[in-house]
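Chains as they are written, first to last, in my numbering: chain W, 221 to 634; chain F, 221 to 634.
Built from N, CA and C at the ideal position, the CB exists for glycine as well.
Nothing here was measured: the structure is a model prediction, and the numbers come from that model.
There are 2 protein chains.
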Amino acid sequence: MKMLIKDVQLNEVTTDVLIDGNHFKSIGIKLNESDAKVLDGRGLAILPSFVNMHTHAAMTLMRSYADDLNLHDWLTNHIWPMEATLDEEDIYHGSRLACLEMIKSGTTCFNDMYWHFHGTARAVEEMGMRAMLSSVFIDFNDASKAREQRNLTERLLEESKQYSDRIGFALGPHSIYTVSKESLKWIGNFAEKNGLPIHIHISETQKEVDDCLSHYGLRPVQWLKKIGLLGSNVIAAHMIHVTDEEIGILAQYGVQVVHNPVSNMKLASGSFPFCKMESKGVNVSLGTDGCSSNNNLSMMEEMKFAALHAKLIHNNPTILPAHSAFEMATINGAHALGLDCGRIAEGALADCILVNLENHRLVPGYRLKDDMVYSADSSCIDTVICNGKVLMQGGYIEGEKAIIAEARKYKKRF
Amino acid sequence: MKMLIKDVQLNEVTTDVLIDGNHFKSIGIKLNESDAKVLDGRGLAILPSFVNMHTHAAMTLMRSYADDLNLHDWLTNHIWPMEATLDEEDIYHGSRLACLEMIKSGTTCFNDMYWHFHGTARAVEEMGMRAMLSSVFIDFNDASKAREQRNLTERLLEESKQYSDRIGFALGPHSIYTVSKESLKWIGNFAEKNGLPIHIHISETQKEVDDCLSHYGLRPVQWLKKIGLLGSNVIAAHMIHVTDEEIGILAQYGVQVVHNPVSNMKLASGSFPFCKMESKGVNVSLGTDGCSSNNNLSMMEEMKFAALHAKLIHNNPTILPAHSAFEMATINGAHALGLDCGRIAEGALADCILVNLENHRLVPGYRLKDDMVYSADSSCIDTVICNGKVLMQGGYIEGEKAIIAEARKYKKRF
């Protein structure tokens, strides 16, 4: 199946883009391909679509359910009790709403951690997105719980093979304070043996660091190094409370760090040390976190928050310029997942967005990436393509009304 | 002219809203008004529209023209040279784009300061919005420039009377470092004599404070108190670098303070002391600033930045909850301008938005104001009404293509 995008803007030049199967095959002027479906690109610009590197997709069901609370109150009195009532079917509906929202705001790939693996996997499969999915692994130092979780992990790895190659399987140890040392070591070995990524929250709060110091006499990154968990397959979300030495370790082991500025600000978790990460050469990507602490999945908002947050905390408006924020939201995430997406180039995976240059938020239009980071919202995105297939055109996604109708039922339930 | 909005959601209750002329006349179930135009409110919720309390509207023409630069470089090498080439016709086109963008994102009223008064006034008049407009007053301590500016001010006050009562006239002394003491005193007297608001930037940067201290031995708010400029008619933008004593003075004089979180973060100007302002009872509203330092005019984004910025800098997620951010973006601005808008109530000015409850960003829909602050974007807004007149319906504004076509021409010019 071939698709030819005619007369689209790429880096300010009018060009044609030919997609063959799931890859960009050729990019150039006046391409002809008689057997290709033609998509009129006039008035549109092509850009890489976004890679959301830290989500709990089905938490769309908790959007605006509990806001402006202290972390402990929020989790124990609101989020966890609600979460405990959800089954795989609920997760499927929540994940479909998440996919809908991500596609509408230009995201085609996400790195998720949540319960009821198959609920999210089915949603991603149907919605045509690309995702790295992990099942939350928590054992609270309980040996029988740990066995149960290891068995589940082994089973899910096998079961995950039923899905298309748009869906990858990752291990999801929640954090160092919810998973035992033994299980973390088991996860490290299992990941190595099976070539899997590990998706984990690290150093999100000062309390986590203090507890780690009091239990092990080491800070979280030092401790994870000691038990042998660190590597370039580790995708570490938040990573706020880290010392220069720890950032050096992250760089040394090639750990993939995910910055979550909106969630970190909303929960008052702290400020991400962007400049130090950058100067050490750590690969930093962006993630929205779940909808209960954001409350949306917009990577456009996340880019703006990342850029402005860095300028504020470093007291320097030249820090984290728009093009860097755009890379964090696209190709840096692709690198972290080992995928050749996040760029518009021959041979790369055909994941992209077409933005409407006539949208008022992109006018006059001096610098498209600056506009995308600092001005745009979802209304600017006309078309979304993932793996060579159109997921949204003219702002419309097939079946969107039914997805919303299902998700609205949760208002009555909770 | 009467308009009846049937079966709309107001605070989670289905109701009818009757608009008579430019006011809400009655709100209740099953209203009948045979001579009213009927607007179907099913699936929509009615909310106050936003009041953007600090703008330089025509700077839409500079959107993404110069980003990620140090303040001095940005102003002297990019913004000011470009601004110097603009005439009234340019300001008209830039202001029309600004009005378009504001309406699309639910704003019906703004407080502006810019050059070429009539360019902006004509745009506001045509686009049907409400605005308080001031002409920038700068004399750089030059007596002849000061005379010229005073004459212009007197003339513009007279000329402003040609516009409808949706347009108010304010005085726009740029700042204490660009306007002489004599002119500031003249402005204070002229405002008092004519019952006018004064719109001014105060304590935006540390440099402004340091210079004021070295020239006058006083901080900006102390100095403005001394020369008699402070009062409840003063609308002060930014107000970042202020001491507790200065905040006490602002409260004592009833100064209207405007918080501009996006601009303050983007230019790394500093952090607004929200908690101290709140505890002293200062009326704080929100403004986007101009598009060259934001780069849009979305009050929805501004609410989210205000709430999250406050949580971050006060290290407390319960600070500035969603409902407070919503008030800052609506009724607090209305109060500052002395207008009875920013609320849906019988007798108030009929300025409102109708949001689409079926939009994915507002689903499941537990708390509409939380969703508006933390999740929504412009795609959620279906209808915008100002002064009893529909400015946007189904997301469409009359004449929008022509406005965008004109504004896109500036890309070629600069």
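Which residue comes first and which comes last in the alpha helix (DSSP H) that contains residue i?
i: N331 of chain W; result: Segment T327 to Y334 is the beta strand (DSSP E) holding N331 of chain W; no alpha helix (DSSP H) there.
i: V271 of chain W; result: Unbroken run through V271 of chain W is the beta strand (DSSP E), F270 to T275; no alpha helix (DSSP H).
i: I624 of chain F; result: E620 to R633
i: D430 of chain W; result: Q426 to Y436
i: T538 of chain W; result: No alpha helix (DSSP H) holds T538 of chain W; DSSP gives it neither H nor E.
i: V441 of chain F; result: P440 to K446
i: L281 of chain W; result: Run containing L281 of chain W: none; DSSP gives neither H nor E here.
i: R375 of chain F; result: A363 to E379
What are the partner residues of residue i, as DSSP defines its beta bridges?
i: S354 of chain W; result: W:M333 and W:A390
i: C561 of chain F; result: Partner(s): none; C561 of chain F has no beta bridge.
i: V576 of chain F; result: It should be noted that the sequence gives Asn, not Val, for residue 576 of chain F. Answer is F:L264.
i: Y397 of chain W; result: DSSP lists no partner for Y397 of chain W.
i: I455 of chain W; result: W:H419 and W:Q476
i: A505 of chain W; result: Residue identity differs from the one stated: residue 505 of chain W is Ser in this sequence, not Ala. Bridge partners of S505 of chain W: W:V478.
i: Y616 of chain W; result: W:Q613
Mind checking residue i: buried by the 16 CB within 10 Å criterion, or exposed?
i: A363 of chain W; result: exposed
i: F494 of chain F; result: buried
i: L487 of chain W; result: buried
i: D287 of chain W; result: buried
i: H419 of chain W; result: buried
i: Y285 of chain W; result: buried
i: Q369 of chain F; result: buried
i: H276 of chain W; result: buried
i: A341 of chain F; result: buried
i: N480 of chain F; result: buried
i: N552 of chain W; result: buried
i: N503 of chain F; result: buried
i: L372 of chain F; result: exposed
i: R316 of chain W; result: buried
i: R283 of chain W; result: buried
i: Y630 of chain W; result: buried
i: S254 of chain F; result: exposed
If you compare alpha carbons, which of the options is closest to residue i?
i: A351 of chain F; options: F:D385, F:L372, F:W335 and F:F360; result: F:D385
i: V454 of chain W; options: W:V441, W:N361 and W:A627; result: W:V441
i: F634 of chain W; options: W:F270, W:A277, W:I299 and W:K226; result: W:I299
i: K496 of chain F; options: F:N576, F:I539, F:A318 and F:T508; result: F:I539
i: S423 of chain F; options: F:R439, F:N409 and F:I266; result: F:R439
i: K609 of chain F; options: F:G241, F:K226 and F:Q229; result: F:G241
i: W335 of chain F; options: F:K413, F:I447, F:K524 and F:F357; result: F:F357
i: I266 of chain F; options: F:D236, F:S254, F:H421 and F:H543; result: F:D236
i: R581 of chain F; options: W:S598, W:A568, W:R581 and W:L588; result: W:S598
i: N564 of chain W; options: W:G615, W:M282 and W:K245; result: Per the sequence presented here, residue 564 of chain W reads as Ile, with Asn not at that position. Checking every option, the nearest Cα to that of I564 of chain W belongs to W:K245.
i: L218 of chain W; options: W:A530, W:Q476, W:D227 and W:H274; result: This structure cannot speak to residue 218 of chain W, because chain W is shown only from 221 to 634.
i: G574 of chain F; options: F:E466, F:S595, F:M612 and F:A530; result: Going by the sequence as given, residue 574 of chain F is Leu instead of Gly. Ranking F:E466, F:S595, F:M612 and F:A530 by Cα distance to L574 of chain F puts F:M612 first.
i: E232 of chain F; options: F:D602, F:Y586 and F:K621; result: F:Y586
i: F330 of chain F; options: F:T280, F:E345, F:H274 and F:A457; result: F:H274
i: L450 of chain F; options: F:L416, F:K427 and F:G490; result: F:L416
Would DSSP call residue i helix, strand or coil?
i: N470 of chain W; result: This sequence places Leu at residue 470 of chain W; Asn is not what is there. Three-state result, L470 of chain W: helix.
i: M223 of chain F; result: strand
i: S491 of chain W; result: coil
i: S246 of chain F; result: strand
i: M349 of chain F; result: coil
i: D464 of chain F; result: helix
i: V593 of chain F; result: helix
i: H421 of chain W; result: strand
i: K500 of chain F; result: coil
i: A256 of chain W; result: coil
i: L251 of chain W; result: coil
i: L230 of chain W; result: strand
i: L404 of chain W; result: helix
i: L569 of chain W; result: strand
i: L449 of chain F; result: coil
Would you give the residue range spanned by the beta strand (DSSP E) that residue i belongs to?
i: T235 of chain F; result: V233 to D240
i: A542 of chain F; result: It is not in any beta strand (DSSP E) - A542 of chain F instead sits in the alpha helix (DSSP H) that spans A542 to A549.
i: L611 of chain W; result: K609 to M612
i: D602 of chain F; result: I601 to C606
i: V477 of chain F; result: Q476 to H479
i: H313 of chain W; result: That residue, H313 of chain W, is in no beta strand (DSSP E); its alpha helix (DSSP H) goes E308 to K324.
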